[in-house]
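Residue numbers (the numbering used here), protein chains in the order written: chain A, 1 to 244; chain B, 245 to 698.
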């Protein structure tokens, strides 16, 4: 093993100074205003100017703790014979709440899954499904596919996350490695519109075949319920009063 | 001989009809030998496509099987699902975190408490309150989960018999299951769709007389399970229909990610309660039953033995609850910003807010009133992040992927339902087998379409 898993040190030293980090935080987009997150009525609390900014994306550096280091090392070692460095295939690693997430670059997803299943030090045999998540604000990486895999041999569980831009919603299918991904990828296509290249039959699975749109997406119109009273209607959920 | 032909298009000749509808057979009576003799060339290679469903093909819910048959042999099986899709995951995104339990409980309606537990443990891990859960809540959760496991397994075994034409098995299993449902009704208030497990604990304490009712159940249940086993275990008809049927060995289970009783019927004692314990399962004493037959009969044996193990676990929960005699033992997290504030009580006019709670928030504590109001209208905020929780459900690994953006509502919640996952393995079990064996194969997976389609 020659390559250390994890991110490289910052190119410019001044970027890591605390003052610079503060600047970065202040320039982050605002995700919530006011104390109560109410957005349709005047805020009389006196905290109306309060702004909550978006947290920067999490990223963890080794050591990750527990068995996570062993998995990262073994994955780096397994990818090496293919001429792939750990950081070529994995964008970043996040350890949060006792769970590890490998953010995989989508072009290397199948290679990573192949190693995860077949390398004796990894052996993640049980495929735990695909869960799509739509982040409309994450420009250029709007659609995420999240995979959970479980190793019975080593009693370990990890998460893989792949992102694709909305304009190019293609993610390679892992059905060639994990046959059980078949229905899960169909479901994620059905609800989020992610196209899994190489899937044997990527058709809708839950919605009717001729359904327009992908209902799991955040921009999917929900529609309201018309009521027979002065032409009004019950507004769709996203237009009702809510708290951010 | 006069031949009467009825075509879909009136006035069409046999040749027209054959072009439009396929081969036409004219049968006028007493000419069967002639018809069969003239058709031997085709019968050799003829494949018939049969649509099973979409009505209950095996009383597990609404799904459809597209079977290609060569005689009685299934050459291809495709499962079509989606008839019971209700958008539970999408609905969750427009409700508070606490209201989320009301939705997930409706996914797999035979394992409602498992859905709730998987979701709530996920929310608790996001909140970082896993180690602050009251002891009583954990024991009550284990008690309810194991009761639910018995109910779910009986809901699998009973209809299994019914599908094979054995009404007695069904009635015996349902008789025992009714006892389980009565207990669940006594403790949670409902037979199903409980919404009883909440982020931070459970909704209510054990009711008065609850422990005694569970003890009473534990006294009569082993006898009923024994009766059921006497009826089924060595039943020649049941064995003939299940032994060697729907074969799925360890290699196939690994390749298809199959868990639960299907995996344990191949001889691998994989149980998340042992390998990755949650809710302090490591402190309970129980075994993981396995068989190595890899068939429908083995899966039945695993399920019925798990019922016996669950009875032992329930006994341990009852003992632990009986030991906790301290007054005001909390069953919900003692955090005013997360724990659901409303206390319910049974008054003369039905179930409603308890008078003590109303007196407290209206007359004594402004803080309590604020917390009540804020939690009920707005809910609590959950720090941004994502977690995946996996429980050993009755049907296999039940996972819940919960994502928060820091708001008062789930950003995304996804249930990895074992039924959904395992139905993918159906084709491997039934292809090359007989049409009649498709039914025991489905029943041995024990899928519930509410969970499959969500």
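C-beta: ideal position from N, C-alpha, C; glycine also. Please read these numbers as outputs of a predicted model, since none were measured by experiment.
Closer than 7 Å at the beta carbon, the chain A residues around residue i
i	result
residue 369 (chain B)	97
Amino acids of chain B, ordered along the chain, whose beta-carbon sits closer than 9 Å to that of residue i
i	result
residue 180 (chain A)	499, 500, 501, 502, 665, 668 and 669
residue 215 (chain A)	331 and 334
Cβ-Cβ separation, residue j to residue i (assumed contact under 8 Å), whole Å
i	j	result
residue 684 (chain B)	residue 484 (chain B)	About 10 Å separates the two Cβ atoms, so there is no contact after all.
residue 185 (chain A)	residue 175 (chain A)	7 Å
residue 211 (chain A)	residue 204 (chain A)	6 Å
residue 350 (chain B)	residue 437 (chain B)	6 Å
residue 615 (chain B)	residue 580 (chain B)	5 Å
residue 162 (chain A)	residue 104 (chain A)	5 Å
residue 390 (chain B)	residue 557 (chain B)	5 Å
residue 656 (chain B)	residue 133 (chain A)	5 Å
residue 638 (chain B)	residue 346 (chain B)	With 8 Å as the limit, residue 638 (chain B) and residue 346 (chain B) do not qualify as a contact, their Cβ atoms being about 21 Å apart.
residue 669 (chain B)	residue 545 (chain B)	Not quite, the Cβ-Cβ distance comes to about 19 Å (not below 8 Å), so this is no contact.
residue 291 (chain B)	residue 317 (chain B)	At roughly 10 Å, the Cβ-Cβ gap does not stay under 8 Å, so residue 291 (chain B) and residue 317 (chain B) are not in contact.
residue 340 (chain B)	residue 542 (chain B)	Contact doesn't hold; Cβ gap of about 44 Å is too wide.
residue 504 (chain B)	residue 662 (chain B)	6 Å
Contacts of residue i in chain A (Cβ-Cβ under 9 Å)
i	result
residue 519 (chain B)	152 and 155
residue 526 (chain B)	The contacting residues do not exist; residue 526 (chain B) stays about 13 Å from chain A at best.
residue 325 (chain B)	183, 205 and 206
residue 611 (chain B)	Within 9 Å Cβ-Cβ: nothing; residue 611 (chain B) doesn't reach chain A, min ~17 Å.
Proximal residues of chain A, C-beta to C-beta of residue i below 8 Å
i	result
residue 601 (chain B)	Going along chain A, no residue has its Cβ under 8 Å from residue 601 (chain B), so there is no contact; the nearest lies around 24 Å.
residue 514 (chain B)	152
residue 329 (chain B)	206 and 207
residue 636 (chain B)	Correct list: empty, because the minimum Cβ distance to chain A is about 12 Å.
8 Å Cβ cutoff, residue i in contact with chain A
i	result
residue 363 (chain B)	no
residue 697 (chain B)	yes
residue 334 (chain B)	yes
residue 245 (chain B)	Residue confidence for residue 245 (chain B) is low, a pLDDT of 39 falling below 50, so the modelled location carries little weight and cannot support an answer.
residue 438 (chain B)	no
residue 385 (chain B)	no
residue 631 (chain B)	yes
residue 353 (chain B)	no
residue 647 (chain B)	yes
residue 301 (chain B)	Confidence at residue 301 (chain B) is low in this model, with a pLDDT of 46, below 50, so its placement is unreliable and the value that follows should be read with caution. By this cut-off, residue 301 (chain B) is not an interface position.
residue 656 (chain B)	yes
residue 628 (chain B)	yes
residue 411 (chain B)	no
residue 675 (chain B)	no
residue 338 (chain B)	yes
residue 652 (chain B)	yes
residue 622 (chain B)	yes
For residue i, the residue or residues it bridges with in DSSP
i	result
residue 126 (chain A)	A:150
residue 110 (chain A)	Looking at the DSSP assignment, residue 110 (chain A) forms no beta bridge with any residue, so it has no partner.
residue 103 (chain A)	A:92 and A:161
residue 134 (chain A)	A:143
residue 296 (chain B)	B:309
residue 225 (chain A)	A:234
residue 195 (chain A)	A:170
residue 588 (chain B)	B:597
residue 324 (chain B)	B:308
residue 156 (chain A)	A:151
8 Å Cβ cutoff, residue i in contact with chain B
i	result
residue 189 (chain A)	no
residue 66 (chain A)	no
residue 55 (chain A)	yes
residue 223 (chain A)	no
residue 147 (chain A)	no
residue 131 (chain A)	yes
residue 140 (chain A)	no
residue 159 (chain A)	yes
residue 29 (chain A)	no
residue 229 (chain A)	no
residue 237 (chain A)	yes
residue 1 (chain A)	Low per-residue confidence applies at residue 1 (chain A): pLDDT is 38, beneath 50, and the placement is therefore not dependable enough to give any value.
Contacts of residue i in chain B (Cβ-Cβ under 7 Å)
i	result
residue 246 (chain A)	Limits of chain A in this structure are 1 at one end and 244 at the other, which puts residue 246 (chain A) out of reach.
Chain B contact residues for residue i, given Cβ-Cβ distances below 8 Å
i	result
residue 128 (chain A)	501, 632, 634, 641, 643 and 660
Suppose only complete runs of 3+ residues qualify. What are the beta strand (DSSP E) ranges in the segment 598 to 644 of chain B, listed by chain order?
Taking only runs of at least 3 residues, the beta strand (DSSP E) segments lying wholly in the segment 598 to 644 of chain B are 629 to 637.
Whole runs of the alpha helix (DSSP H) within the segment 361 to 449 of chain B, excluding any shorter than 4 residues:
379 to 407 and 411 to 432
Along the chain, which unbroken stretches of the alpha helix (DSSP H) at least 4 residues long are found entirely within the segment 451 to 482 of chain B?
Those alpha helix (DSSP H) runs which fall completely within the segment 451 to 482 of chain B and span 4+ residues are 454 to 476.
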